[in-house]
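**Q**
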Amino acid sequence: MSGTITPSKSEINLQPNLSNQTLISDNPGLGEFIQETLALTKRLFIQLQRRPSTLVAGIVQPLMWLILFGALFQNAPQDLFGEGLSYGKFLGAGVLVFTVFAGALNAGLPVMFDREFGFLNRLLVAPLASRFSIVAANAIYIIALSLIQAVAIIITCAFLGAGFPTPVGLAVITLIILLLVVGVTALSLGLAFALPGHIELLAVIFVTNLPLLFASTALAPLSFMPGWLQIVASLNPLSYAIEPIRYLYNHSDWSLGSIVIQAPWASISFGAALLVLLAFDAVILLAIQPLLRRRIS
41 MSGTITPSKS EINLQPNLSN QTLISDNPGL GEFIQETLAL TKRLFIQLQR
91 RPSTLVAGIV QPLMWLILFG ALFQNAPQDL FGEGLSYGKF LGAGVLVFTV
141 FAGALNAGLP VMFDREFGFL NRLLVAPLAS RFSIVAANAI YIIALSLIQA
191 VAIIITCAFL GAGFPTPVGL AVITLIILLL VVGVTALSLG LAFALPGHIE
241 LLAVIFVTNL PLLFASTALA PLSFMPGWLQ IVASLNPLSY AIEPIRYLYN
291 HSDWSLGSIV IQAPWASISF GAALLVLLAF DAVILLAIQP LLRRRIS
């Protein structure tokens, strides 16, 4: 005769077996944030690999500017843009800065398309360590593309006769590019979360691009401009990136005290131009923080 043996209450283990369970931290750390950022950045580069025309066009267009504009003013007097400075050498810094600026201004487009296709909503409901990894991934992606474009332009300028700056000069040029790209990328990402759709974002990009180009020292020195445009160009952050890079190309004995911009109200030194770019970044980052916290927190 069979019977069922019922264990006593003292023999029943009411405690769960924790050895086979994965513990999930309520306070994810830096490692998880870096892992998520790298994964989202990899996704953007996979998209670029599938559509390489974006990168090709971003490199070919500024090279056409260099070649065509340089040829257009080839017969201009040598000292018209500075002592012993041809227009090709003068134009190189302007094309370099404007190219990375235009690329950074487009940084919000991938986020905007993710919003419209619903992928961003999936990321926002996913158990991410920090949703700011979405912003960080787009910033890293744009910075990497900007540096690739900058290398192509610097090499082309060297072949066109502008030469190479010193290794220290190249490092400072990289720093200037990073300062400009970080601020403009942050602004574009803020617009991507603030504007209703990609049509509005494209409208802002189209309206902003060319006016900022012509209201800077990219194509002509301040001395060529009327008084009111000199004031506008002296307030344009692009000028504070263009003129230090141009000075690096033409002066091997540069220093932070070297005068790079003769603004209508003061002489701007190399170090002061870098501080202006740093202040521009700080203002933009502080301005978009409340928007990003409201949208993705």
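Residue numbers for the sequence shown follow this note's numbering, so the first one is 41 and each next one is one higher.
Where is the CB? At the ideal position from N, CA and C, for every residue including glycine.
1) For my contact list, P266 and A313 are in at a C-beta cut-off of 8 Å; report their separation, rounded to the angstrom.
2) Skipping 5 residues on each side, what residues in its chain have a beta carbon closer than 6 Å to that of S228?
3) Is the separation between the beta-carbon of L278 and that of F109 shorter than 8 Å?
4) Compute the distance between the beta-carbons of W26 and V140, then report whether it is under 8 Å.
5) Rounded to whole angstroms, what's the CA-CA distance from T196 to L112? Just pull it up for me.
6) Buried or exposed for A243, going by 16 or more other Cβ atoms inside 10 Å?
7) Return the residue from the list G297, V316, S263, T248 that minimises the CA-CA distance to A281.
8) Between the stretch 208-227 and the stretch 175-188, are three or more C-beta pairs nearer than 8 Å?
9) Do the stretch 257-277 and the stretch 299-308 meet, that is, are 3 or more Cβ pairs less than 8 Å apart?
10) Assign S279 to one of three DSSP states: helix, strand, or coil.
11) Output the distance between the C-alpha atoms of G237 and L288, rounded to the nearest integer angstrom.
12) Suppose contacts are defined by Cβ-Cβ distances below 8 Å. Is T77 in contact with A190 by that definition?
13) Between which two residues does the beta strand (DSSP E) containing G295 stretch?
14) Which same chain residues, not among the five before or five after L331, have their C-beta less than 7 Å away from its C-beta?
15) Got a sec? Which residues, its chain only, sit under 6 Å from Y181 by beta carbon, not counting five neighbours each side?
16) Answer with buried or exposed for R155, where buried requires no fewer than 16 other C-beta atoms within 10 angstroms of its C-beta.
17) My output table needs one value for S186: the three-state DSSP class, helix, strand or coil.
18) When you compare each of D321, S263, S256, S295 to V208 by their alpha carbons, which one comes out closest?
19) Along the chain, which unbroken stretches of the alpha helix (DSSP H) at least 4 residues long are found entirely within the stretch 214-270?
**A** Looking at the coordinates:
1) Actually they do not touch by this definition, with Cβ atoms about 23 Å apart.
2) These residues qualify, in order along the chain: L145, A147, G148.
3) No, the pair does not count as a contact, with Cβ atoms beyond the cut-off.
4) The structure shown does not extend to residue 26, since the chain is modelled only from 41 to 337, so the question has no answer here.
5) Near 17 Å, if we compare the C-alpha coordinates of L112 and T196.
6) Its Cβ having fewer than 16 others within 10 Å, A243 is exposed.
7) Minimum Cα distance to A281 is reached at V316.
8) Touching, per the Cβ criterion.
9) Taking 8 Å as the limit for Cβ pairs, the verdict is that the stretch 299-308 does touch the stretch 257-277.
10) S279 carries a helical assignment under DSSP once its states are collapsed to helix, strand and coil.
11) Their Cα atoms are separated by approximately 41 Å.
12) No, they are not a contact pair.
13) A quick correction: the sequence has Ser, not Gly, at residue 295. Following the DSSP letters along the chain, one finds S295 in no beta strand (DSSP E), marked with neither H nor E.
14) Counting only Cβ-Cβ distances below 7 Å, and skipping sequence neighbours, we find G230, F233, A234.
15) Within the same chain, T81, L84 come within 6 Å of Y181 by CB-CB distance, once the 5 residues on both sides are set aside.
16) Burial call: buried.
17) Helix.
18) If we check each option's Cα against that of V208, S295 comes out closest.
19) If we require 4 residues or more, the alpha helix (DSSP H) runs fully inside the stretch 214-270 come out as 238-254.
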